[in-house]
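**Q**
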Amino acid sequence: MLTTEVENYPGFPQPIDGPDLISLIRKQAERFGAEFIAGDATEVDFTRRPFKIRAGELYEADAVIVATGASSRWLGLESEKRLRGRGVSSCATCDGYFFKDKDVMVVGGGDTAVEEAIFLSKIARNVTVVHRRDMLRAARHLQERAFKIEKIRFLWSSVVEEILGVDRVEGVKVKDLKTGWLNTYSCDAVFVAIGHTPNTEIFRGQIELDDAGYVKTQAVTRTSREGVFAAGDVADRTYRQAVTAAGSGCQAAIDVIKYLESTGA
Ligand SMILES: Cc1cc2nc3c(=O)[nH]c(=O)nc-3n(C[C@H](O)[C@H](O)[C@H](O)COP(=O)(O)OP(=O)(O)OC[C@H]3O[C@@H](n4cnc5c(N)ncnc54)[C@H](O)[C@@H]3O)c2cc1C
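Laid out in structure tokens, this is it:
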């Protein structure tokens, strides 16, 4: 069964529980003097230094690293919420391994959905892509690759109405949008791949965001505002893995040190 286990973080030959990994990273950061404040940042002012961040109290900083991540988009079904972590996932790279030789569904029709379907076809017995339109939005080369893989089949013009199962996924109820018919398919996992929303609402107007809301960066973690840096999934449309987020966090920290040295702060 799916858990919060992380299989692919370097340095852990055995899977490590996600919360345990976070706790170890936090302890290590504390050893180097990092201070943690619990709370949500609700407003920022990056127009002049010191930068201001409202998180309950008002905090001031000479440099900021934005690392607020990106949230997976979900279908919004009660059954999806109940079975999350019990066969419902938003990350094939993270959880696909748990469904070796099983039947899995992928919901979506963009690049991510097709990439996930191709990835899962190497692990699962069968992969069914459920897409609400009658053609994919994914890049042509991805479509061509997916269409060549016999294990991948498509349910066109269809939406998932309900995910079935009591304490693990056992199937899905799918509505055919052209006929209105409801069909039930058995499967062991449902990968929801309908996109991510970067958590950047409070930074809108303060730093440049791309059309999907991700923080725009250059060389490598600098944002459009001098002294404000970004790391991890909030600036990453592609990889979205713990190790890549940690790596870019390291890059941002080094960039901050160089920036502060250059300003004499
Ligand atoms: C179910 C699941 C399983 C996964 N499994 C794996 C795996 O096995 N291996 C792997 O490599 N990756 C896995 N990932 C992906 C991995 O978790 C992310 O790539 C990684 O956590 C990104 O790190 P981050 O620091 O950029 O963002 P996050 O880890 O998302 O951290 C962002 C933090 O910022 C906080 N935040 C957001 N807005 C605010 C605000 N306004 N004020 C204050 N705080 C804020 C959030 O609460 C969160 O704590 C998984 C993801 C999911 C959802």
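Just so we're aligned, residue 238 is where the sequence shown starts under the working numbering, counting upward by one.
Note that the Cβ used here is the ideal one computed from N, Cα and C, for glycine as well.
By how many angstroms is the C-alpha of residue 407 removed from the C-alpha of residue 287?
**A** Near 54 Å, if we compare the C-alpha coordinates of residue 407 and residue 287.
**Q** Can you check which of these residues, 278, 280, 279 and 263, is closest to residue 272 by C-alpha distance?
**A** It is 263 whose Cα lies nearest to the Cα of residue 272.
**Q** Indicate, with yes or no, if ligand 1 has a heavy atom lying under 7 Å from the CB of residue 444.
**A** Flag unset: Cβ of residue 444 not near ligand 1.
**Q** DSSP three-state label for residue 399, please.
**A** Three-state result, residue 399: strand.
**Q** Where residue 493 and residue 289 are concerned, what is the direct C-alpha to C-alpha distance, given to the nearest angstrom?
**A** Straight-line Cα distance between these residues: approximately 16 Å.
**Q** Go ahead and label residue 424 buried or exposed: buried means 16 or more other beta carbons lie within 10 angstroms of its beta carbon, across all protein chains shown.
**A** Label assigned to residue 424: buried.
**Q** Going straight from the alpha carbon of residue 482 to that of residue 356, what length do you get?
**A** Those two C-alpha atoms are separated by around 21 Å.
**Q** Check for me: the beta strand (DSSP E) holding residue 291 runs from which residue to which?
**A** Note, residue 291: beta strand (DSSP E), 288-292.
**Q** With burial defined as no fewer than 16 other Cβ atoms inside 10 Å of the residue's Cβ, what is the status of residue 381: buried or exposed?
**A** Per the 10 Å Cβ criterion, exposed.
**Q** Starting from residue 412, trace the beta strand (DSSP E) both ways and give me its first and last residue.
**A** Looking at the DSSP string, the run of the beta strand (DSSP E) that includes residue 412 is 408-413.
**Q** Let's test the definition: count the other Cβ atoms within 10 Å of the Cβ of residue 342 and tell me whether it reaches 16, buried, or not, exposed.
**A** Residue 342 comes out buried.
**Q** Buried or exposed, going by whether 16 or more other CB atoms sit within 10 Å of the CB of residue 308?
**A** By the neighbour-count rule (16 or more Cβ atoms within 10 Å), residue 308 is not buried but exposed.
**Q** For residue 474, which option in 353, 433, 484 and 437 has the closest C-alpha, if you only look at C-alpha atoms?
**A** Of the candidates 353, 433, 484 and 437, the one whose C-alpha sits nearest the C-alpha of residue 474 is 433.
**Q** What I want to know is whether the C-beta of residue 265 ends up closer than 7 Å to one or more non-hydrogen atoms of ligand 1.
**A** Answer for residue 265: no, Cβ out of range of ligand 1.
**Q** Can you name the residues that DSSP bridges to residue 420?
**A** Paired residues: 411.
**Q** When DSSP builds the beta bridges, which residues end up paired with residue 433?
**A** Paired residues: 309.
**Q** Quick one: what's got a C-beta closer than 8 Å to residue 411's C-beta in the same chain, skipping five residues either side?
**A** Answer for residue 411: 367, 392, 395, 396, 397, 398, 419, 420, 421 and 422, listed in chain order.
**Q** Hey, residue 479 and residue 243: beta-carbon distance below 8 Å or not?
**A** Closer than 8 Å, so yes.
**Q** For residue 348, write down the residues that DSSP places opposite it in a beta bridge.
**A** Note: residue 348 sits in no beta bridge, so no partner.
**Q** Quickly, what does DSSP pair residue 334 with across the bridge? List them, please.
**A** DSSP output for residue 334 lists no bridge partner at all.
**Q** With DSSP as the reference, label residue 387 as helix, strand or coil.
**A** It is coil, neither helix nor strand.
**Q** Determine the direct distance from the alpha carbon of residue 362 to that of residue 439, and round the result to whole angstroms.
**A** Cα to Cα, the separation comes out at about 43 Å.
**Q** Looking at C-alpha atoms only, which residue of 466, 401 and 470 is the closest neighbour of residue 314?
**A** Of the candidates 466, 401 and 470, the one whose C-alpha sits nearest the C-alpha of residue 314 is 401.
**Q** Could you tell me if residue 332 is buried or exposed, where buried requires 16 or more neighbouring beta carbons within 10 angstroms of its beta carbon?
**A** Buried, because 16 or more other Cβ atoms sit within 10 Å of the Cβ of residue 332.
**Q** Could you please give me the residues that DSSP links to residue 363 through a beta bridge?
**A** DSSP output for residue 363 lists 340 as bridge partner(s).
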